[in-house]
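If you're matching positions, the sequence shown starts at 11 in the working numbering and goes up one per residue.
The structure appears right after this line, and notes come after that.
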Amino acid sequence: MNKPLRRVAIFCGLLVLALLVRVNWVQFVQADELKNDDNNRRVAIERYSIPRGDIIVGDQPVTGSTTTDSDDYKYKRTYKNGKMWAPVTGYASQAFDANQLEKLYDKILTGTDDRLFFSRTVDMLTGRKQEGGDVVTTLNAKAQKAAFEGLGNKKGAVAALNPETGAILALATAPSYDPSTFAGMTDKDSKAYNALLKQNNPDDPTLNRALRQTYPPGSTFKVVTAAAALENGLYTDIDAPTRSPLPYYLPDTNHVPLPNEGNIPCKDASLREALRWSCNTVFGKISADLGNKTMMAEAEKFGFNNKKIDTPVRLAESVYPEDNRPQNAQAGIGQASNRATPMQMAMVTAAIANGGKLMEPYMVDKLVAPNLNVVEQHTPKEMSQPLKPENAQKLQDMMETVVKNGTGTSAQIPGVTVGGKTGTAQHGMGNSENPYAWFISYAKTDKGTPVAVAVVVEGSDTLRGDIAGGKLAAPIAKSVMEAVLSDKK
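The structure is reproduced here in C-alpha cells:
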C-alpha cells in the first residue's frame, strides 16, 4: 500500500474509533443524564403512558389517573380534595414536571423503579397492563381534615407528629392549591399554574409552609431555653425562684430593657410560673446566662442548624443564630434572628413529650408494588436525645401547667392530659406588621402520647389586638389532637 492510501486508511480508522468511543460514551456514561434531561420528551411521554400509582392515606388513595385525548400523554394525574392534600402529595403535571412525594417517588409511581423488575416481568409474561406502585403515607385523614379546616381562610401551617415514632400525622398549609388544575398540557392548565406563581400571587399557595417556610418562633421557643437551663444545671427545681430581676436589661447595652407582654408576675419567677405567664425577662436572662454557644448546642439537639432533615421532603433549615450577647438574649425568647419551621417546632414538642428522645420525622410508611408486595418498609429511627428523661418530665409538668391554668387553657381536652406553649412572634421592622400566632402542644393518655402539634397563623382577618397563640392557634391544635385521639379509642 502506498503512503497516501495508508494515511487515508489510518485517518478512516481513527474516525471509526472516534465514532465507537462516542457511541459507547453516550450509551453508557451519558445514558442517565440524557434520559432524565428536562428537554427529553420521551421521559414525560413514558411517565404518563400508564395509570400512575397512588399515594395512599390510611387505606384510601388521595390520587388517581384519568385518560386524556392526547396522542402522547395517555393519562394525567387526578387528586381527591387536592387543596387539603397538596402539602403532602405535591403535584405531577404533564407540562410542569412534579414535586414533593410525586417527584421523589416518581419511579415507583410510574413502575420504572428497578425494584419493580419482577412485577414488570410477570406483567409482560401474563399480558397484564403495566401499572405503577403505590406510596403509603403515615398521614391521618381525620387529623389532616381538622388541620386544613382549622386554618380555613387564615394564612399559616400545621404540623403534627407521633412523638413515639416520628410518623407525620398532619401537614396542612393555607392558602393551598389544587394540583388537578394544572395536571395536563392545555392552555387552561398553563393559566392555572401561572396564576399560582409568587409573582402573580403574593400569598404563594404552592409554598409548603409547614416544611419549607421559617418564622420567628416567639415564645414557643422558651421550652428550648428551659430545656437548656435544666440540661446545663442552671436551674434544677422548676418551682424554686429564679434569679430574674424586673426590669431585666439586655447585656452590653445602655440599660435597654427586655419587656414582658402585660403586667405579669415575672420577678424571680420559677421556671413553671415563667413558662405559665411567658416571662420574657426570665427566659431572656437564662439565654444570656448560658451564653450563645450553649444555647446553640441545645437548639441543635432538637434539629436547628441542620440542613439535611428529610421527611422525605427536605425541611428548610431552622436557625438558632451565632450572635452577640443582647441578640442571643432575644433569640432565647424566639425573636432576633431565631427562625423555625412549623415542623421543627413540632419536633421540639415531640421530643419533650417522648421523654426527651427525638425521633426522625417521616411521612412514608412503605412502598408497595402493583402486586401488593412491599418494596420498602420504613423503620422508625432515633435522631437525638435533647433532654434527659427526668428533665423532659419536668418540662412536661411546666407545659401542662400552661394548659391547666396559664395562657393555653383553650387547648384543654376533657379526660386528656395536654401540655402546650403559646407564642406571639413579632413581625416586621419594629413589629410594624401583624404578629405571628403560635401554639405547640401534645396530648397524653394512659395508653401513651400519640400526637404532638405545632400551629402557626401567619395572617388572618383578626384585629391586631386579638392576635395571640392561645386565641388563634390553640383551637386548631386542639382539633387536630382530638382527631388523632378519636382514632385511638
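Quick reminder that beta carbons are idealized off the backbone N, C-alpha and C, glycines included.
Buried or exposed: where does residue i fall if 16 or more other Cβ atoms within 10 Å of its Cβ makes it buried?
i              : result
glutamate 241  : buried
glycine 475    : For glycine 475, the predicted structure reports a pLDDT of 40, less than 50, and the residue's modelled location is therefore unreliable. A value from the coordinates is still provided. Exposed: under 16 other Cβ atoms inside 10 Å.
arginine 57    : buried
isoleucine 477 : In this prediction, isoleucine 477 scores a pLDDT of 39, lower than 50, which makes its location untrustworthy; no coordinate-derived value is stated.
valine 31      : exposed
proline 212    : exposed
tryptophan 35  : exposed
arginine 62    : buried
arginine 349   : buried
asparagine 317 : A quick correction: the sequence has lysine, not asparagine, at residue 317. Flag for lysine 317 reads exposed.
aspartate 471  : Note that aspartate 471 scores a pLDDT of 46, beneath 50, so its modelled location is shaky; the value from the coordinates is reported in the next line. Exposed, by the Cβ-count rule.
proline 275    : exposed
glutamate 283  : buried
threonine 77   : exposed
proline 14     : exposed
glycine 438    : With a pLDDT of only 48 at glycine 438, under the threshold of 50, the placement of this residue in the model should not be trusted; the figure read from the coordinates follows. Exposed, because fewer than 16 other Cβ atoms sit within 10 Å of the Cβ of glycine 438.
proline 257    : exposed
leucine 473    : Confidence in leucine 473 is poor, its pLDDT being 36 and thus under 50, which makes the residue's placement too unreliable to answer from.
glutamine 37   : exposed
serine 442     : Note on serine 442: pLDDT 49, under 50, position unreliable in the model; no value is reported.
lysine 93      : buried
leucine 377    : buried
Per DSSP, what kind of secondary structure is residue i in: helix, strand or coil?
i             : result
threonine 304 : helix
lysine 165    : strand
alanine 193   : coil
glutamate 332 : coil
arginine 253  : coil
proline 445   : strand
arginine 16   : helix
serine 420    : helix
proline 460   : strand
serine 451    : strand
lysine 431    : strand
leucine 482   : helix
alanine 379   : coil
glutamate 310 : helix
serine 59     : coil
serine 489    : helix
alanine 105   : coil
asparagine 34 : helix
Looking at the unbroken alpha helix (DSSP H) that takes in residue i, where does it start and where does it end?
i             : result
serine 200    : 197–206
leucine 114   : 110–114
aspartate 407 : 399–415
threonine 235 : 232–241
threonine 359 : 352–363
leucine 285   : 281–287
lysine 277    : Looking at the DSSP string, lysine 277 is not in any alpha helix (DSSP H), and its letter there is neither H nor E.
Taking the Cβ atom as the reference point for each residue, do residue i and residue j lie within a distance shorter than 8 Å?
i                 : j              : result
valine 374        : valine 145     : yes
threonine 321     : tyrosine 372   : yes
phenylalanine 231 : glycine 344    : yes
asparagine 150    : valine 494     : yes
asparagine 210    : valine 461     : no
aspartate 199     : alanine 96     : no
glutamate 271     : serine 288     : yes
phenylalanine 312 : valine 234     : yes
glutamate 392     : lysine 367     : yes
alanine 180       : threonine 148  : no
glutamine 354     : leucine 325    : yes
leucine 405       : alanine 447    : no
isoleucine 60     : glutamate 174  : no
glycine 294       : leucine 268    : yes
valine 329        : isoleucine 450 : no
alanine 153       : valine 490     : yes
proline 336       : proline 255    : no
alanine 421       : alanine 484    : yes
From what residue to what residue does the beta strand (DSSP E) around residue i run?
i              : result
valine 266     : No beta strand (DSSP E) contains valine 266, which DSSP labels as neither H nor E.
methionine 373 : That residue, methionine 373, is in no beta strand (DSSP E); it is neither H nor E in DSSP.
threonine 77   : 73–77
threonine 88   : 85–89
glutamine 387  : 384–387
threonine 183  : 178–184
isoleucine 65  : 65–67
glutamate 392  : 392–394
threonine 224  : Unbroken run through threonine 224: none, as it is neither H nor E.
valine 146     : 144–147
My assumption, with CB atoms under 8 Å, is that residue i sits in contact with residue j. Please give the rounded CB distance.
i              : j             : result
alanine 237    : glutamate 308 : 6 Å
tyrosine 452   : glycine 429   : 5 Å
threonine 541  : alanine 167   : What the structure shows of the chain is the stretch from 11 to 499, and residue 541 is not part of that stretch, so it cannot be assessed.
isoleucine 118 : valine 384    : About 12 Å separates the two Cβ atoms, so there is no contact after all.
glycine 365    : alanine 402   : 5 Å
proline 352    : alanine 487   : Contact flag wrong, Cβ pair sits at about 11 Å.
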